[in-house]
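Participant:
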Amino acid sequence: MKYIDGFREKDAALWLNRQIAQAGDQLAARGRTVHLMEVCGSHTMAVSRSGIRETLPSSIRLLSGPGCPVCVTDAGYVDAAIRMAEQGAIIVTFGDMVRVPGSHQSLADVRAQGGDVRICYSPADALRVAAENPGREVVFLAIGFETTAAPVTTLIPSARQADIRNLSLLTAFKRVPPALEALVADEEVQVDGFICPAHVSAIIGAEAYRPCVEGHHLPCTICGFEPLDILYGIVDLAEQLVSGRAELVNQYSRVVRPGGNPAALQLFEKYLTVCDASWRGIGTIPDSGMAIRGEFVDMDAARRFGVSTEGGRPDPGCRCGDVLKGKIIPPDCPHFGHACTPPHPVGPCMVSSEGSCAAFYRYGGGR
Ligand code: SF4
């Protein structure tokens, strides 16, 4: 606790707030408002929980981007998992995915109708379920960014080694750097600097963001999750923008290395291949996904079941896409707090424990 408390120290937070205010004054004097975007569900929750957004000057706006893995997973993916459950497969998934709406229903609805949908706490649980049910197909919902993709990918060699043939993965892995590039290129998105994710950066390494920094002259700062980490990141980005610099700064060097985690990167290299991916509310982003590599496609659930993850139709009134691009904040959605609440979510951003809408609903703020 002593270690954690060091990153929540009040006087240090107040000092950082004064640095932010000074940078904000300089930006305001030039008539400029800058938009900083964090792209990490844990940052989203930490920002809301600690009330950081409300402490910022009006010339510095803090947006939440597509950093929640559940939120960016397409409705068509949920539909595909439902079709597999209807064909008799055991669906194994982390908890949040169960309540994410597909085009017509969620996996929770399917489970209530007798479908076999099981919540797990580790990918290894899927291996155990498959071993215990040799006569049935078991599908693990393999979603997430690079952080989750690493441990989930170990299921491929583990299943091979244990000669478990009834386990497959329905993959919707996402890669963060191409998403940042797509956001910068989107004329509807206002972003002047990125607070880069912590866990993902530990896997892919700080240098993964250099093309975004140098290609778009956009400052990127990698931060941890504690309030002082985030405030420090905002100070850095604001000061870079005041001085016209665009640098890659790794403020989370206690965890993130320049080249990332070699063991995880080797796993990706051996078992996965880069592919285009569809992001809920955003669309297809080139090279922003990872699929199972050719030699191992027998473990690809979509192929095994002949089911497509495309063509989903989310609720037309849900504005998760605009929330995920930082175009609106959740209270701007007409459903927020009315038709859409955590017990009755209309979109994934209200389902996930890391979703922007859930964060605003739980902690308020933002105006
Ligand atoms: S409040 Fe609900 S309906 Fe509106 S954007 Fe968020 S999740 Fe979608």
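For what it's worth, the working numbering labels the leading residue of the sequence shown as 314, then goes sequentially.
Note that the Cβ used here is the ideal one computed from N, Cα and C, for glycine as well.
1. If distances are taken between C-alpha atoms only, which option among PRO436, THR586 and ARG366 comes closest to ARG488?
2. For PHE458, which residues from the same chain have a beta carbon less than 7 Å from its beta carbon, with the 5 sequence-adjacent residues on both sides left out?
3. ILE535 to VAL562, Cα distance in whole Å?
4. Flag ARG632 as yes when its Cβ comes closer than 8 Å to any non-hydrogen atom of the ligand SF4, and as no otherwise.
5. For ALA671 and SER665, what's the separation of their Cα atoms in angstroms?
6. Kindly indicate which residue of SER601, TYR522 and GLU527 has the alpha-carbon position closest to the one of ARG570.
7. What three-state label does DSSP hand TRP328 in the structure shown?
8. Could you tell me if the beta carbon of PRO629 falls within a distance shorter than 8 Å of some heavy atom in the ligand SF4?
9. Would you kindly work out how many angstroms separate the C-alpha atoms of ILE517 and ASN574, rounded to a whole number?
10. Between ASP505, ARG412, SER601 and SER372, which lies nearest to CYS653 when the distance is taken from Cα to Cα?
11. Just reading off the alpha helix (DSSP H) that GLU351 is part of, what are its end residues?
12. Put CYS525 into one of helix, strand or coil per three-state DSSP.
13. Residues in the same chain with beta-carbon distance under 6 Å from ARG680, minus the five sequence neighbours each way, listed in chain order, please.
14. What would DSSP say about GLY679, mapped onto helix, strand or coil?
15. First and last residue of the beta strand (DSSP E) that includes ILE605?
16. Judging by CA-CA distance, which residue of LEU468, VAL405 and LEU483 is the nearest neighbour of ILE477?
17. Look up VAL452 in the DSSP assignment and say whether it is helix, strand or coil.
18. In three-state terms, what does DSSP make of LYS487?
19. Please return the same chain residues whose Cβ sits closer than 7 Å to the Cβ of PRO379, not counting the five positions on each side in sequence.
20. Could you check if ASP511 is buried or exposed, using at least 16 other CB atoms within 10 Å of its CB as the buried criterion?
21. Give the C-beta separation of LEU329 and TYR545 to the nearest angstrom, bearing in mind that I take them to be a contact with Cβ-Cβ under 8 Å.
22. Mind pulling the beta strand (DSSP E) runs of 3 or more residues that sit fully within the stretch 596-660?
23. Measuring alpha carbon to alpha carbon, tell me which residue in HIS356, PRO414, ARG374 and ALA444 is nearest LEU349.
24. Under a Cβ-count criterion, where at least 16 other Cβ atoms within 10 Å of its own Cβ denotes burial, should PRO661 be classed as buried or exposed?
Facilitator: From the atom records:
1. THR586
2. Contacts found: PRO382, LYS487, VAL489 and VAL513.
3. Their Cα atoms are separated by approximately 6 Å.
4. yes
5. 7 Å
6. TYR522
7. helix
8. no
9. 7 Å
10. ARG412
11. Premise fails: GLU351 lies in the beta strand (DSSP E), 347-351, not in any alpha helix (DSSP H).
12. helix
13. Annotation note: pLDDT 45 at ARG680 (below 50); position unreliable, coordinate value reported separately. There are no such residues.
14. With a pLDDT of only 48 at GLY679, under the threshold of 50, the placement of this residue in the model should not be trusted; the figure read from the coordinates follows. Looking at GLY679 - three-state DSSP - the assignment turns out to be coil, as it is neither helix nor strand.
15. 596-605
16. LEU468
17. strand
18. strand
19. VAL352, VAL385, ALA492, TRP592, ILE595 and LEU637
20. Note that residue 511 is Ala in the sequence shown, not Asp. By the neighbour-count rule (16 or more Cβ atoms within 10 Å), ALA511 is buried.
21. 6 Å
22. 596-605
23. ARG374
24. Using a 10 angstroms sphere on the CB of PRO661, the tally of other CB atoms reaches 16 or more, which defines it as buried.
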